[in-house]
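Residue numbers (the numbering used here), protein chains in the order written: chain L, 116 to 321; chain S, 116 to 321. Every residue, glycine too, gets a C-beta built ideally from N, C-alpha and C.
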């Protein structure tokens, strides 16, 4: 099936399958059945089989999925069989936390550039990275051909910053600002908004 | 329609509608059409009308939605017309960032307890809160009847900590650990995993 026929909902589950495979590898597990994987992830085994079958034949009747092979294939499908360079814009509390998160590199992403407009922060070194002035952002991103950015700027600046990033060539944005950002259809955008997730749960609470 | 008939997918969109209404209020806007709201959120106007109609009749032909009224109603539907007490477990880099995030209180949540197992951190004061030893967690949560927890512990401790929280009476968990956690069906769990969101986008990148 061609890539464009696969629903966003299926694609959104692939990282969870990959995450589960990598956890299995860490535990030294060699194979897993769709039933067992489903139990772990809270999905039905038929959903898992259906999702994965859209990309090829990964499971074997009776023995289930080869964990190492499926991990490798999911990495290929998700395009994270190499490391992506990522720019981080905004270095307030949130940006600092994102920058210090150690979970990116093993899963395909490396923050290679930090941009901030506070002159007191610009020029400081964070690990190997120097915080750059946001005025250098467009040229720098263009020059380095960075395609992915994480947005940790104040809500009021999120839409404009996204626009600038896209002009510079960014094609995927992960925004931490609690606002829906308009992007052209050739750009992907995803959001991290913990409060929306909390509200989604309080709906069900008494 | 009774609450149990409404799909999780519809519920997951309600916080986005509320967020948009509150932004409109900030901008002094009094009403909005489903078409305009849809354009802002990247949904079709018919989807918005269909979603909201499951909870009552909020829009008026010709004038659209009354922003203040819809905001109030969404708050009631999502049970955030009052402030929820939230416990935060884990006070490493991530937990510190979560604790310092100022976006919770205006949207229905207040962190009232911090638990950590690092003896060097226990006893420190963060704003008005004292970091408590994780050994006090169960009794404290039970005593204070806290129903919501955010989990910022290392991946290897996430499942066990969730189990303990549930035993203490927590019924909704927002986990920042990149691992799927098994919970009984009377408990809600949501995840914040920026890498999964990034991988979901790289799927579409060349």
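From the options, residue whose alpha carbon lies closest to that of residue i
| i | options | result |
| --- | --- | --- |
| residue 261/S | 204/S, 308/S and 274/S | 204/S |
| residue 309/S | 193/L, 233/L, 166/L and 130/L | 130/L |
| residue 259/S | 304/S, 284/S, 146/S and 239/S | 284/S |
| residue 174/S | 147/S, 256/S, 154/S and 191/S | 147/S |
| residue 287/S | 269/S, 199/S, 239/S and 220/S | 199/S |
| residue 312/L | 169/S, 312/S, 321/S and 306/S | 306/S |
| residue 155/S | 294/L, 320/L and 160/L | 294/L |
| residue 218/S | 158/S, 137/S and 303/S | 137/S |
| residue 161/L | 303/L, 149/L, 171/L and 140/L | 149/L |
| residue 151/S | 181/S, 120/S, 127/S and 170/S | 181/S |
| residue 252/L | 271/L, 242/L and 264/L | 264/L |
| residue 140/L | 196/L, 216/L, 186/L and 128/L | 186/L |
| residue 163/S | 128/S, 215/S and 183/S | 128/S |
| residue 122/L | 167/L, 216/L, 244/L and 184/L | 167/L |
| residue 144/S | 183/S, 169/S, 165/S and 126/S | 183/S |
| residue 196/L | 216/L, 177/L, 176/L and 221/L | 221/L |
| residue 243/L | 215/L, 250/L, 257/L and 270/L | 215/L |
Cβ-Cβ distance between residue i and residue j below 8 Å
| i | j | result |
| --- | --- | --- |
| residue 133/S | residue 314/L | yes |
| residue 255/L | residue 228/L | yes |
| residue 276/S | residue 289/S | no |
| residue 223/S | residue 317/L | yes |
Own chain residues within Cβ distance below 6 Å of residue i, not counting five before or after
| i | result |
| --- | --- |
| residue 207/L | none |
| residue 320/S | none |
| residue 179/L | 146, 147 and 148 |
| residue 274/S | 296 |
7 Å CB neighbourhood of residue i in its chain, flanking five on each side removed
| i | result |
| --- | --- |
| residue 246/L | 206, 229, 231, 236, 237, 238 and 239 |
| residue 159/S | 153 |
| residue 268/L | 204, 205, 276 and 292 |
| residue 135/S | 152, 155 and 156 |
| residue 304/S | 288, 290, 296 and 298 |
| residue 241/S | 214 and 229 |
| residue 250/S | none |
| residue 176/L | none |
| residue 278/L | none |
| residue 272/L | none |
Same chain, Cβ closer than 8 Å to residue i, neighbours up to 5 away in sequence not counted
| i | result |
| --- | --- |
| residue 225/S | 198, 199, 200, 201 and 219 |
| residue 234/L | 248 |
| residue 257/L | 283 and 284 |
| residue 270/L | 292, 293 and 294 |
| residue 142/L | none |
| residue 332/L | What is shown of chain L runs 116 to 321, which leaves residue 332/L out entirely. |
Residue i CB to nearest heavy atom of the ligand NAP below 7 Å
| i | result |
| --- | --- |
| residue 128/L | The ligand NAP is not part of the structure shown, which contains no ligands of any sort. |
Please give me, in chain order, every unbroken run of the alpha helix (DSSP H) with length at least 4 that falls completely inside the segment 120 to 145 of chain L. If one requires a minimum length of 4 residues, the alpha helix (DSSP H) runs lying completely within the segment 120 to 145 of chain L are 123 to 141, in chain order.
Are there three or more Cβ pairs, one per stretch, closer than 8 Å when the segment 298 to 307 of chain S is compared with the segment 205 to 224 of chain L? Too few Cβ pairs lie closer than 8 Å, so no.
Any beta strand (DSSP E) of 3 or more consecutive residues that is wholly inside the segment 227 to 265 of chain L: The qualifying runs are 244 to 248.
With a cut-off of 8 Å, do at least 3 Cβ pairs link the segment 187 to 201 of chain S to the segment 272 to 287 of chain L? no
In chain order, which continuous runs of the beta strand (DSSP E) of length 3 or greater are located wholly inside the segment 187 to 217 of chain S? 199 to 204
Start-end ranges of the alpha helix (DSSP H) lying completely within the segment 264 to 305 of chain S, minimum 4 residues: 270 to 282
In the segment 149 to 176 of chain S, which residue ranges form an unbroken alpha helix (DSSP H) of at least 4 residues, counting only runs that do not cross its ends? 149 to 156 and 160 to 168
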